[in-house]
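Just below is one structure, and these are the notes that go with it.
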Amino acid sequence: MIKTRMLRNSLLLAAVGAAFAASQLVAQVTAPAPQATSPLDRSNPAASTQDPNLSGHPVPPTLTPTERIPLAHLKLPPGFKAEIWSQGHPGGRTMVMGPKGTLFVGSRGIGRVYAITDRGGRREVKTIIQGLQEPNGLVIHNGALYVFAIHRVFRYDNIEDKLDAPGQPVEMTAAFDLPATRHHNWKYVAFGPDGKLYVQVGANCNICELNNGTHAHIRRYNADGTGMEIVARGIRNTVGFDWHPVTRELWFTDNGRDWAGDNGPQDELDRLPAGQDGAFFGFPYCHAQGIPDPDIKMPNACANVVMPAALTGPHAAGLGIKFYTGTMFPANYRNVAFIARHGSWNRSDKFGYDVVVARPTADGKATIEPFMTGLLDQTKNEFYGRPAYVNQLADGSLLVSDEVNGAIYRISYAQ
Amino acid sequence: MKSTARSTASLTHNSLALLGAVVLSLFASHAVAAEVGVAARIRQCTTCHGADGNSQTPKIPSLAGQPEFFILNQLILMREGVREVAIMTPFVKDLTDADAEALAKHFSALEAKRSDETIDPGLAARGGARVAALHCASCHLPSFVGHDQMPRLAKQRIDYMVESLKAIRDSQRAGGDSLMTAAVAGVSDADLEALAHYVSSQ
């Protein structure tokens, strides 16, 4: 036994030595990366005193046991019911449904893409892709799964026929040619009613001036990565958008700047009015309902800025948005948008951690009302879960992903 | 992924099962086997990271006193291939969640001690000024002991931090909060070195 251990240790040391030599070699041949394009963070140090009580919340990279999934905390309007639809996918956020019924789930830090299949009422979770940099952007097109990680793009053709061995994807990074900056650069992607692929590029800072031609906008492409056009500018960090089922207009969530106080500027729900492609939504000069930035000052900061359809709360972090087109929910939910609010970090009293309904009004704006609550305990200033994205199942029920619990809830309605 | 480094652990497990089949319940014998597996893992780690978790090896970080979640998270990210550290790959590729949790618990509980690197007072003073401007304490805490996914910087090896900061700035290192690439974007090599001297001295 002792002999075995000694042998093992010397083998180990040899392996360490070899690996170390290899890593030194790699370090020598690795070329330096180009500098970030817009490095200047103009957060005002006076406004943003270093507050050790405020920093991003960790995302557990390991399984959450069933008894710790906060299903019992969820509160819904009368007639609605929540259940755990799937679990065991740490960090799972974005959700897209394949035509054959596979739900694909993207993530950030843990770098995985999961495939969830329904096996006679039970869900089976597989990790089908690993090791990517924040593969939050997923979309299905003609049976292919597009995976947008930070600046790298992969296409897995006929993915639902090879979930056990997805094989080598077609790399489309060069075709899409997205900026390589990392911050606020995890992606959201969706195909619009025009058949184009829409993707955002976030501002790679909290608050800074940058090139609107490369950052802080939503752009669209043909499915093969050609024909890039910028459709909306001046957007700090949107990671969720959808099209109104009737007007076909693009609606998107946008996360407001940090370190300018607990109460704002509030996050936005924005609408790109038909015929205004290329419109400017204010970042970095003008926020929320017309608040000039305290750090980056510009005369008439809010002139020619498209104002939000609704404010979605200070630091609330609205991420996923989906217009409801099903028939399971009562008729007054038709064509309203469900928005997952991930919940605040840059705020003393936590806010959000819920799903709200945005009800479009005749003037092109929207009203916001609560829908799924209970994950935030305001008296303790603690949260139990963080809704990230929403999706609609074929039967009209609603899926809500909870990133920190690696779970997806299904919300159904019965009279 | 779930098939762990059981080739090493199974020997011990089998002998225990033979010896104590009557005394130990199946559950208990599994628990003992896991314990031995973790002990072996810890020995592996200390080969480079120092017997007490404080590294005396150039460019190899100290683990002692790091936040428990930080160690867990980085081990998982290396296992997943998100954070690629060639030298670590053999040790993390079969790591179970449970073993990663045990390692995190072990090393986070050890006391952080400075390495034998010399702090340059001039660089440390300059680093102190830059730390304030860059809001480092906002996440790493005013004492620089870190919390949750944010690492301890106080008493960490300077050479390791300089190398890491450059890699983060140049988008060459994945597996951290992308906020960090924005935090150090455009900071010169000389200033990164000054930052490392200052925070290590804390």
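Each protein sequence line maps, in turn, to chains D and L.
Here the first sequence is numbered in the numbering used here, starting from 1 and rising by one per residue.
Here the second sequence is numbered in the numbering used here, starting from 1001 and rising by one per residue.
Where is the CB? At the ideal position from N, CA and C, for every residue including glycine.
Chain L has a Cβ within less than 8 angstroms of the Cβ of Arg182/D.
Between Pro284/D and Asp293/D, the CB-CB gap stays under 8 angstroms. Per DSSP, Ile140/D lies in no alpha helix (DSSP H); the unbroken beta strand (DSSP E) holding it starts and ends at Gly137 to His141. For Cys1139/L, a Cβ of chain D is located within less than 8 angstroms of the residue's own Cβ. Of all residues in the region 335-353 of chain D, none is placed with a Cβ closer than 8 angstroms to any Cβ belonging to chain L. Within the same chain, Cβ atoms closer than 6 angstroms to the Cβ of Lys196/D are found at Arg220, the five residues on either side in sequence being excluded.
Using beta-carbon distances, Phe1107/L does not count as an interface residue toward chain D, since no partner is under 8 angstroms. Between Phe1107/L and Gln1066/L, the C-beta gap is smaller than 8 angstroms, which places the two residues in contact. Around the beta carbon of Glu268/D, 16 or more other beta carbons lie within 10 angstroms, which makes this residue buried. Against chain L, a Cβ distance below 7 angstroms from Leu163/D picks out nothing, because the smallest value is about 16 angstroms. The three-state secondary structure of Glu1117/L, taken from DSSP, is coil.
Annotation for Thr325/D: Pro245, Arg334, Asn335 and Gln392 place their beta carbon closer than 8 angstroms to its own, counting only its chain and skipping 5 residues before and after.
Taken in chain order, the members of the region 1161-1195 of chain L whose beta-carbon sits within less than 7 angstroms of a beta-carbon on chain D are Asp1170, Ser1171, Gln1172, Ala1174, Asp1177, Ser1178, Leu1179, Thr1181, Ala1182, Ala1185 and Gly1186.
Comparing C-alpha distances from Arg1079/L to each of Pro166/D, Leu132/D and Asp224/D shows the shortest one belongs to Leu132/D. About 5 angstroms separates the Cβ atoms of Ala288/D and Gln266/D, confirming a contact at the 8 angstroms cut-off. Along the region 127-141 of chain D, the positions whose C-beta sits under 8 angstroms from a C-beta of chain L are Thr127, Gln130, Gly131, Leu132, Gln133 and Glu134, read in chain order. Interface with chain L (8 angstroms Cβ-Cβ cutoff): Asp262/D is excluded. Assignment of beta-bridge partners to Ala407/D by DSSP yields Gln87/D and Asp402/D. DSSP places Thr127/D inside the beta strand (DSSP E), whose first and last residues are Arg122 to Ile129. For Arg220/D, the enclosing beta strand (DSSP E) begins and ends at His217 to Tyr221. Not a single C-beta of chain D is nearer than 8 angstroms to the C-beta of Asn1054/L. Looking at the DSSP output, Lys322/D sits in a beta bridge with Phe338/D. Of all residues in the region 109-124 of chain D, the ones placed with a Cβ closer than 8 angstroms to any Cβ belonging to chain L are Gly109, Ile110, Gly111 and Arg112, in chain order. Between the region 1058-1073 of chain L and the region 101-108 of chain D there are fewer than three C-beta pairs closer than 8 angstroms, too few to call the two in contact.
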